[in-house]
Amino acid sequence: MAATVATPLNGYVGFDSITQQIERKLLKRGFQFNIILVGQTGLGKSTLINTLFASHLIDSKGRTNPAEPARSTTEIDAVSHVIEENGVKLRLNLVDTPGYGDLINNERCWDPIIKYIKDQHSAYLRRELTATREKFIQDTRIHCCLFFIAPTGHQLKQLDIQVLRKLSDVVNVVPVIAKSDSLTLEERAAFKRRIKEEFQLHGLKMFPYDSEELEDDERALNDAITNLIPFAVVGSETTANIGGRQVQARKNKWGLINVEDEKHCEFMYLRKFLTKTHLQDLIESTSHIHYESFRAKQLLALKEQSAAMSQHTGAQQRNVSGPYSR
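Numbers 3 to 328, taken from the numbering used here, label the letters of the sequence shown in order.
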């Protein structure tokens, strides 16, 4: 390839408007963002999502009464919404997993979740390979898994470690300590330290990932996020008057917790991370890392299957033609 030379222009051409052209098309089409929620009943998964997106998007599918029998398996419950902010349209797919971790024996309770994530990759691949491919392929691939950790203040459960290992192979995992206001600030800090140590000990890779392609400012931002993970969060759909203004708040044994106050919890850091700084990175990482890995394995398997069938067909033809070839 010939060397590229930076050439000055003698006058205005107009191609600098390409960003505006792209923006107009993107705004017209809107954006797709798909989240799966994984965590045991009672950790406030639905409430946190509704708080994050400042609207009532999902209802709790967990048990509301301890006497109610637990589900016999992990279920998959998906809902879709279109929300709009300042002319930007976001199509939001929210996937809940009621029943996860609620049994005495939770062996392989993660299987339906992993299967669902892979099924979305498979559906996208089928659409991608069809002869009459759609102009815009409907994307149901999971871009983010919010993994809810119970605020025990001790350490990760063995089930959490097993599931996080499985999930991190197929999806971008963002761990959160649910209902973190049940811990004191000292307990919360110690709990976060232990969880980070366990992530390192077990080789669990959480999003965002490190990459040689990152610019210095991107790496600095990712380092700041990594230091915060797991996010200690509180969700609430109720408001209260604090300091003369209405804010999202939750009442606990110590009083009112202002969900939006960074001194009380890390909810605002999580919201900024998911919407302002890393939404596009989550989408691109899904496509370039997890989906590409799945796609490569599937295409290799198809190639090997095709080669085996050709070899088998050739052998059959030789066996059939053998007696008559003399």
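All C-beta atoms in this analysis are idealised placements derived from N, C-alpha and C, irrespective of residue type, glycine included.
From a predicted model like this one, the values you see are computed outputs, not experimental measurements.
Span separating the alpha-carbon of C267 from that of I116: To locate residue 267, count along the sequence shown from 1; it is residue 265. To locate residue 116, count along the sequence shown from 1; it is residue 114. Straight-line Cα distance between these residues: approximately 30 Å.
Between which two residues does the beta strand (DSSP E) carrying Q282 extend? Reading the sequence shown from its first residue, position 280 is the one you call residue 282. Unbroken run through Q282 is the alpha helix (DSSP H), 281-287; no beta strand (DSSP E).
Where in the region 234-291 do unbroken runs of the alpha helix (DSSP H), each at least 4 residues long, occur, reported from the N-terminal end onward? 269-273, 281-287
Under DSSP, the beta strand (DSSP E) around R93 begins and ends at which residues? Residue 93 sits at position 91 when you count from the first residue of the sequence shown. It spans 90-98 - the beta strand (DSSP E) in which R93 sits, taken as one unbroken run.
Which partner residues of F35 appear in the DSSP bridge assignment? Sequence index remark: in the sequence shown, residue 35 carries index 33 (1-based). BP columns for F35 point to L94.
How many angstroms separate the CA atom of I139 from the CA atom of R129? Residue numbering aside, residue 139 sits at position 137 when the sequence shown is read from its first letter. Residue numbering aside, residue 129 sits at position 127 when the sequence shown is read from its first letter. The alpha-carbon atoms of I139 and R129 are separated by roughly 7 Å.
Report all residues from its chain with a CB closer than 7 Å to the CB of H123; omit the five preceding and five following residues, and keep chain order. Position 121 of the sequence shown holds residue 123. The residues are R143, Y293, F296.
Identify, in the order they occur along the chain, each residue of the same chain with its Cβ nearer than 7 Å to the Cβ of L230, setting aside the five sequence neighbours on each side. Here residue 230 corresponds to residue number 228 of the sequence shown, with the count starting at 1. So the list reads E268, Y271, once near-sequence residues are dropped.
So does the region 243-254 actually touch the region 186-202, counting three or more Cβ pairs closer than 8 Å? no
Please state whether DSSP places H156 in a helix, a strand or coil. As a position in the sequence shown, residue 156 is number 154, starting the count at 1. Here H156 sits in coil by DSSP.
Rounded C-beta distance between N163 and A234? I'm assuming under 8 Å. Indexing the sequence shown from 1 puts residue 163 at position 161. Indexing the sequence shown from 1 puts residue 234 at position 232. The sequence given here has Ile at residue 163, not Asn. Actually they are not in contact, since the Cβ atoms of I163 and A234 sit about 19 Å apart, beyond 8 Å.
Considering only DSSP beta bridges, list what H83 is partnered with. By 1-based counting over the sequence shown, the position of residue 83 is 81. L94, per the DSSP bridge assignment.
Let's see if you can read the secondary structure: which residues bound the beta strand (DSSP E) around F149? Translated into positions along the sequence shown, residue 149 becomes position 147. Unbroken beta strand (DSSP E) run through F149: 146-151.
Measuring only the C-alpha atoms, how far is S19 from G89? In the sequence shown, the residue the question calls residue 19 occupies position 17. In the sequence shown, the residue the question calls residue 89 occupies position 87. Whole-angstrom Cα-Cα distance: 20 Å.
Between T66 and H280, what straight-line distance do the alpha-carbon atoms span, to the nearest angstrom? Along the sequence shown, read from residue 1 onward, the residue named residue 66 stands at position 64. Along the sequence shown, read from residue 1 onward, the residue named residue 280 stands at position 278. Reliability of the predicted coordinates at T66 is poor, the pLDDT of 49 falling under 50, and no value is obtained from them.
With DSSP as the reference, label P177 as helix, strand or coil. Counting from 1 along the sequence shown, the entry for residue 177 is found at position 175. P177: strand per DSSP, three-state reduction.
Does DSSP put V7 in a helix, a strand or coil? Working through the sequence shown from its first residue, we reach residue 7 at position 5. If DSSP states are grouped into helix, strand and coil, V7 belongs with coil.
Return the chain-ordered list of same chain residues with a C-beta closer than 8 Å to the C-beta of I60, the five sequence neighbours on each side being excluded. Here residue 60 is taken as the residue at index 58 of the sequence shown, counted from 1. For I60, where only same-chain residues beyond five positions count, the Cβ hits under 8 Å are S48, I51, N52, V81, L96, D98.
How is T66 classed by DSSP in three states: helix, strand or coil? Taking the first residue of the sequence shown as 1, we reach residue 66 at position 64. A caution first: T66 carries a pLDDT of 49, below 50, which makes its placement in the model too unreliable to give a value.
When you compare the CB positions of Q160 and Y102, do they come within less than 8 Å of one another, or not? For the purposes of this step, residue 160 is taken as residue 158 along the sequence shown, with counting starting at 1. For the purposes of this step, residue 102 is taken as residue 100 along the sequence shown, with counting starting at 1. Their beta carbons are not under 8 Å apart, which means Q160 does not touch Y102 by this criterion.
Candidates V261, I85, C146: closest to E239 by CA position: As a first step, residue 239 must be located in the sequence shown, where it is residue number 237. Taking only the C-alpha atoms, the option nearest E239 is V261.
Could you check what DSSP says for S308 in three-state terms: helix, strand or coil? Within the sequence shown, residue 308 is the residue found at index 306, counting from 1. Here S308 sits in helix by DSSP.
I think E200 touches Q248, with their Cβ atoms under 8 Å apart; what is that distance to the nearest whole Å? Counted from its first residue, the sequence shown places residue 200 at position 198. Counted from its first residue, the sequence shown places residue 248 at position 246. 39 Å between Cβ atoms; not a contact.
Please state the DSSP three-state secondary structure of G13. The residue given as residue 13 occupies position 11 in the sequence shown. The answer is coil: DSSP assigns G13 none of H, G, I, E or B.
CB of V175 within 8 Å of CB of K120, strictly: Locating residue 175 in the sequence shown gives position 173, where the first residue counts as 1. Locating residue 120 in the sequence shown gives position 118, where the first residue counts as 1. Contact: no.
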